[in-house]
Amino acid sequence: DGGITQSPKYLFRKEGQNVTLSCEQNLNHDAMYWYRQDPGQGLRLIYYSQIVNDFQKGDIAEGYSVSREKKESFPLTVTSAQKNPTAFYLCASSIARGLAGETQYFGPGTRLLVL
Amino acid sequence: QKEVEQDPGPLSVPEGAIVSLNCTYSNSAFQYFMWYRQYSRKGPELLMYTYSSGNKEDGRFTAQVDKSSKYISLFIRDSQPSDSATYLCAVEAAGNKLTFGGGTRVLVKP
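Just so you know, the protein sequences line up as chains A and B, in that order.
Just so you know, we're using the numbering used here here: the first sequence kicks off at 4 and counts up by one.
Just so you know, we're using the numbering used here here: the second sequence kicks off at 16 and counts up by one.
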């Protein structure tokens, strides 16, 4: 089955700790995205990548970092600089970015909680 | 002012009723309009996708876009308990950047 997988489903972070969320897709999509979802605020874009070895900041990139070493994978690291990391994190992909009208497909999400 | 406004609900309806959901947006540059359905603790799934003003129908779902009023709607006919979810509207300008509303939680009671 083609799709997007995210792991883990739940993640706990201790204060001062960096944690990494995994996102993998087998849709052969060029573009991948990370969103953060807080109650009542919809989804906000953290980072996106149009192609391997390239990524751009979204609207709320501070305290986060990403890498795109493989087309299939786009891991997100929540660093200790992110002071309010508790949220639901969603990864998405689309065939390409920059082409208007390309549908984004979402993974099942990772819920990050702070201990 | 948020770029996309959506009533958070919850919107509670009896089974079989019509569910009516709305979003307003502020930027006339938005060209594409989407509705996503999100079940609790799951990722959003695309329900409807429209480009122009007017209506688009898919089974029990109808999406309406009024660009002159910057208003988009989703109607669900013959609602079922399985339609209970949060519905997110999303708008897109050029470059494939999506801007989401906050979501409306819908409860369909048997």
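Cβ coordinates follow ideal geometry from the N, Cα and C atoms, glycine included.
Keep in mind it's a predicted model, so treat the numbers as computed, not measured.
Chain A residues whose Cβ lies nearer than 7 Å to that of residue i
{"i": "G58/B", "result": "L93, F109, G110, P111, G112"}
Residue i at chain B interface by Cβ criterion, 7 Å
{"i": "L46/A", "result": "yes"}
{"i": "G19/A", "result": "no"}
{"i": "T106/A", "result": "yes"}
{"i": "G43/A", "result": "yes"}
Cutoff 7 Å: residue i Cβ touching any chain A Cβ
{"i": "P23/B", "result": "yes"}
{"i": "F115/B", "result": "yes"}
{"i": "L61/B", "result": "yes"}
Own chain partners of residue i with C-beta closer than 6 Å, once the 5 adjacent residues on each side are dropped
{"i": "V55/A", "result": "R71, K74"}
{"i": "K71/B", "result": "T65, A78"}
{"i": "F109/A", "result": "L93, A95"}
{"i": "D22/B", "result": "T119"}
{"i": "F48/B", "result": "T65, V80, I87, V106"}
{"i": "P111/A", "result": "Q9"}
{"i": "T101/B", "result": "Q53, G118, R120"}
{"i": "S25/A", "result": "S10, P78"}
Residues near residue i by beta carbon distance below 8 Å, same chain, minus five either side
{"i": "P96/B", "result": "E30, V123, K124, P125"}
{"i": "A64/A", "result": "I49, Y50"}
Own chain partners of residue i with C-beta closer than 7 Å, once the 5 adjacent residues on each side are dropped
{"i": "E18/B", "result": "Y40, S41, N42, T114"}
{"i": "H32/A", "result": "S96, S97, I98"}
{"i": "D93/B", "result": "G31, R75"}
{"i": "C38/B", "result": "V19, E20, Q21, I87, C104, G116"}
{"i": "Q85/A", "result": "G66, Y67"}
Contact list for residue i against chain A, beta-carbon separation under 8 Å
{"i": "G118/B", "result": "G43, G45"}
{"i": "Y40/B", "result": "What Y40/B touches in chain A: nothing, since even the nearest Cβ is about 12 Å away."}
{"i": "L103/B", "result": "G45, L46"}
Ordered list of alpha helix (DSSP H) runs contained in the stretch 67-111 of chain A, each at least 4 residues: none
Runs of beta strand (DSSP E) lying entirely within the stretch 55-99 of chain B, each at least 3 residues, in chain order: 60-65, 69-73, 76-81, 86-91
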